[in-house]
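Data block below; observations after.
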Ligand SMILES: [Zn+2]
Ligand SMILES: [Zn+2]
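Numbering (my numbering), first residue to last: 1 to 152.
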């Protein structure tokens, strides 16, 4: 990536062009919108989903904390261990909030929270929330929990 782009607004938005978004991931792909199509993994505009103001605000609230922690972890500096611990803890505020958002949005469209894991720690095999074995028959990522709205 051109270093200048780091100080420019992200204008190159990869928008989902699927005829019908059948499911969503809540995932930070270092863009401004964490709502991604579970088929093509590109961004889905909240207006297209007809999210209410409350739903949109709750996504934004979760995302501002989730992306702050993710960036602190990526930076690998003083805050790395703190951020990683918060992102891995299924009971941390950011993950409780993310799960709640996934459940609320799922009333409208099936939504999974893309749970953090550090690839240095190996492939995840169980759900961090309920310890169920992951269903690895997935198009994106490693697997999904058969019980919780969690993807890894
Ligand atoms: Zn799509
Ligand atoms: Zn689970």
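The beta-carbon is built from N, C-alpha and C at its ideal position, and this holds for glycine as well. Bear in mind that the values here come from a model prediction, so they are computed numbers and not experimental data.
The continuous beta strand (DSSP E) containing residue 112 extends over residues 111-114. Contact between residue 109 and residue 49 holds: their C-beta atoms lie close to 6 Å from each other, under 8 Å. When DSSP assignments are scanned along the region 16-57, the uninterrupted stretches of beta strand (DSSP E) that are 3 or more residues long and fall wholly within it turn out to be 24-26 and 35-37. Residue side-chain check: residue 132 places its Cβ nearer than 7 Å to a non-hydrogen atom of ligand 2.
Residues 72 of the same chain have their beta carbon placed closer than 8 Å to that of residue 82, with the five preceding and five following residues left out of the count.
Ranked by how close their Cα comes to the Cα of residue 33, the residues 133, 66 and 3 have 66 in first place.
At a threshold of 7 Å, residue 129 counts as near ligand 2, since its beta carbon sits closer than that to one of the ligand's heavy atoms. For residue 106, the enclosing alpha helix (DSSP H) has its first and last residue at 93-106.
Setting aside the 5 residues that flank it on each side, residue 14 is surrounded in the same chain by 42 and 43, each with a C-beta closer than 7 Å to its C-beta; the list follows chain order. Just so you know, the alpha carbons of residue 115 and residue 89 end up roughly 10 Å apart.
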